[in-house]
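To start, the structure under review is shown below, and the notes come after it.
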Amino acid sequence: MLAFGIPESKLWGIISAGLAIVTIALVTVWAQENPMTSIYSQTGYLGKPNWTHNRVAFHIVLMVGGFFVSQIFGAIMWIFLSDKLWAQLIHIFFESSGLITMAIGLLAAVYDKNVINTAHLTTMHSWYGIFCISLYSISYMYGFLLGMLPAYFPNIELKLITNLRSFHGLLGQLSFCLSILSIVTGIMDQFAMTGCEYINLTLTTPDTDPGANYYGK
Ligand code: HEM
């Protein structure tokens, strides 16, 4: 079906690519230096990733800007490139980038916990993260073996390859959903209270006009 003169699958691909670029921009801004001495320290910047002082920022930037975004670009290649060989090469490039950024991101979180002597795997986020990482790694290896299959079994039926390939797609979709869950729970961990706080607001009567708080009563 066409939408705005563009096939619907391509439109979704363009929207996904746009949102992936927005994600990179947002996480880059979020990872700016946090000037703790000024009023901007209230803004919740992550601070610059640093292997000695700010390993968690490394974890977040790599998992979101690297691992998550690579999965998006790796998946949409099939929509845009009609040449299957190029689509496969670029798909492998992005999925490998995802694997590398994910491995270093995991290392940053694990190392951070080791440095501050904290137990591993104690939060819902860490368990979603482990499931996501495991599934992604299985899907990566499965995709690798799938690519090798025709070389070792030249007479393999096309229908069997198609079925095995769709299972690879399913694994990819599941690990992508788990990435979203990991990111959402990671953000919730980072900001235990996701809300706003008014300075100098003391209520003596019920709050019947919440909007007015924003401008000061
Ligand atoms: C796809 C994305 C992500 C994956 C797969 C992931 C995975 C993980 C894993 C496996 C751990 C446990 C490490 C350990 O116990 O040694 C962890 C820890 C952590 N992650 Fe993530 N993470 C992701 C994104 C995020 C995001 C977006 C944030 C914050 C905004 C975040 C913040 C944290 C923090 C603060 C810890 C240490 C505390 C804890 O275990 O919850 N992560 N992550």
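Each position in the sequence shown, counted from 1, maps to that position plus 11 in this note's numbering. The C-beta atom is built at its ideal place from N, Cα and C for all residues, glycine as well.
Inter-residue spacing [alpha-carbon to alpha-carbon] between Ile127 and Ala68: If you draw a straight line from the Cα of Ile127 to the Cα of Ala68, it comes to about 15 Å.
Burial state of Tyr209 (16 or more Cβ within 10 Å): Exposed, because fewer than 16 other Cβ atoms sit within 10 Å of the Cβ of Tyr209.
Of the residues Lys170, Gln82 and Ala120, the one placed nearest Gly197, counting alpha carbons only: Comparing Cα positions, the closest option is Ala120.
Expected contact under 8 Å - CB spacing of Ala1 and Val80 to nearest Å: Any property of residue 1 remains undetermined from this structure, which presents the chain solely from 12 to 228.
Assigned secondary structure, Ala223 (DSSP; H/G/I helix, E/B strand, else coil): Residue state for Ala223 is assigned as helix, using DSSP reduced to three classes.
Pairwise C-alpha distance: Gly183 and Ser148: C-alpha of Ser148 to C-alpha of Gly183: approximately 10 Å in a straight line.
Which of helix, strand or coil DSSP assigns to Pro161: DSSP places Pro161 in helix when its eight states are reduced to three.
Stretch-stretch touch, CB-based, cutoff 8 Å, three pairs: the segment 177-194 with the segment 130-147: Output reads yes: the segment 130-147 touches the segment 177-194.
Endpoints, alpha helix (DSSP H) assigned at His102: It spans Lys95 to Val126 - the alpha helix (DSSP H) in which His102 sits, taken as one unbroken run.
Where the alpha helix (DSSP H) through Leu73 begins and ends: Element bounds for Leu73: n/a, residue is neither H nor E.
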